[in-house]
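A short worksheet on the structure shown next.
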Amino acid sequence: MPVASLAALLTVWTLALLIPGPDFLAVSHASVARSRRDAVFVGLGVAAAMAVWATTSLVGLTVLLVKCQPLFEAVRLAGAAYLLWLAFQLLRSAARRTTSGPATAGPRIRPRGAIAAFRAGFLCNIGNPKAAVFFSSVFAALLPPHVDWEYRTTIGIAIPAIGIAWYVLVACLFSAKRVAAAYARARRVVDAVTGTLFAVLAGDLVFAE
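Put into C-alpha cells, the structure is as follows:
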C-alpha cells in the first residue's frame, strides 16, 4: 500500500474538513441549541454522506455526476433549497424572539430523535454537489493509478471516520455548559447569524459557476 500518497490524501481531507461550512454550522448549532446527543447524530449523518461521496468517487460515479449537467444542477438546487429551509427556520425563530420581547436564558430547543438528527446531517452534506467535485479532483490528483482494493477500502473507511471524530469533537465543545449558557443569553442573535450564513451558503450553491 502506498503509505505516502495515503497520508497526503488524508491530510488534504482533514484540512478541508476543518474549514467551516454548512456541515459545521449544522453540528455546532445543534450542540448549543438542542443537545450534544442531537449534534452527534447530525455529525454521523454528515459522515454517512461523506462515505457516499467518497465511495462513489472511488468507483468513478461522481465523475458522471459532474459531467451530467442536468443531474448536477438538480442536486445543486435541491441542496440550496434545503439550506434555505434551514435558514428560514432559524430566521423565523429569531424573529419570533424579537417580537415576543427580550431574549431570555430559557430552555434549549427540544432535541430531535436520532433518525431525524441523522437525516438532517445527511441531507446537509449530500445536497452539496461541491463534495463530488472535491473528491473527484482530490482523488484524481493524489490517488495512485491501479491501486488495490485494500487501499480503496482504507480510504473509504478513513474519510468518514475522520469526519465522525471531528464532528463529535465539535459537538462536545459547543455543548459545554459555558457555551450553552452563552447561547441561551444570545439565542436570538446566534439564530439570526446562523440562519443568515445558511442563506449565504445556499446562494453560493445557486449562483456558483
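The sequence shown runs contiguously to residue 205 in the numbering used here.
Beta carbons are placed, not taken as given, at the ideal position from N, Cα and C, and that holds for glycine.
Classification of residue i by the beta-carbon crowding that lies within 10 angstroms, buried from 16 upward
{"i": "Asp211", "result": "For residue 211 there is no data in the structure shown, the boundaries of the chain being -3 and 205."}
{"i": "Phe194", "result": "buried"}
{"i": "Ser133", "result": "exposed"}
{"i": "His25", "result": "buried"}
{"i": "Ala0", "result": "exposed"}
{"i": "Val196", "result": "exposed"}
{"i": "Pro103", "result": "Only weak support is given to the placement of Pro103: the predicted model assigns it a pLDDT of 49, under 50, and the value that follows is read from those uncertain coordinates. Classification of Pro103: exposed, given that the 10 Å Cβ count is below 16."}
{"i": "Val42", "result": "buried"}
{"i": "Thr190", "result": "buried"}
{"i": "Gly56", "result": "exposed"}
{"i": "Val23", "result": "buried"}
{"i": "Arg174", "result": "exposed"}
{"i": "Leu14", "result": "exposed"}
Own chain residues within Cβ distance below 6 Å of residue i, not counting five before or after
{"i": "Ala74", "result": "Gly123"}
{"i": "Ala113", "result": "Asp34, Phe37 and Val38"}
{"i": "Ser27", "result": "Ala35, Ala167, Phe170 and Ser171"}
{"i": "Pro125", "result": "Phe68, Val71 and Arg72"}
{"i": "Asp187", "result": "Leu86, Ser89 and Ala90"}
{"i": "Tyr78", "result": "Leu119 and Gly123"}
{"i": "Phe135", "result": "Ser53"}
Reference residue i, options the options, closest by Cα
{"i": "Val202", "options": "Arg72, Asp34, Leu6 and Val28", "result": "Arg72"}
{"i": "Tyr9", "options": "Ala178, Ala157, Gly56 and Phe68", "result": "Correcting the residue type first, residue 9 is Trp in the shown sequence and not Tyr. Of the listed residues, the one whose Cα sits closest to Trp9 is Ala157."}
{"i": "Trp162", "options": "Pro(-2), Ala12 and Ala4", "result": "Ala12"}
{"i": "Ala4", "options": "Arg88, Val164, Ala177 and Ile151", "result": "Ile151"}
{"i": "Ala47", "options": "Lys173, Phe131 and Gly109", "result": "Phe131"}
{"i": "Phe20", "options": "Leu87, Ser89 and Ile160", "result": "Ile160"}
{"i": "Gly17", "options": "Pro66, Ala45, Arg108 and Cys120", "result": "Cys120"}
{"i": "Pro(-2)", "options": "Ala176, Leu138, Ile111 and Arg183", "result": "Leu138"}
{"i": "Gly117", "options": "Val164, Arg174, Val129 and Ala136", "result": "Val164"}
{"i": "Leu2", "options": "Pro140, Lys173 and Arg183", "result": "Pro140"}
{"i": "Gln65", "options": "Arg108, Val129, Leu82 and Arg115", "result": "Val129"}
{"i": "Ala110", "options": "Arg181, Arg183, Leu14 and Leu40", "result": "Leu40"}
Cβ neighbours of residue i in the same chain (closer than 8 Å, five flanking residues each side left out)
{"i": "Arg148", "result": "Leu54"}
{"i": "Ala50", "result": "Phe131, Ile151, Gly152, Ile155 and Pro156"}
{"i": "Ala127", "result": "Ala45, Met46, Trp49 and Asn121"}
Cβ shell of residue i (< 7 Å), same chain only, five flanking positions each side left out
{"i": "Ala76", "result": "Ala198, Leu201 and Val202"}
{"i": "Arg32", "result": "Ala167, Cys168 and Ser171"}
Min CB distance residue i to chain C below 8 Å
{"i": "Val164", "result": "The chain inventory of the structure shown lacks chain C, comprising one protein chain alone."}
Complete runs of the alpha helix (DSSP H) confined to the segment 146 to 202 [at least 4 residues]: 173 to 181
Ordered list of alpha helix (DSSP H) runs contained in the segment 2 to 86, each at least 4 residues: 18 to 29, 32 to 54 and 57 to 63
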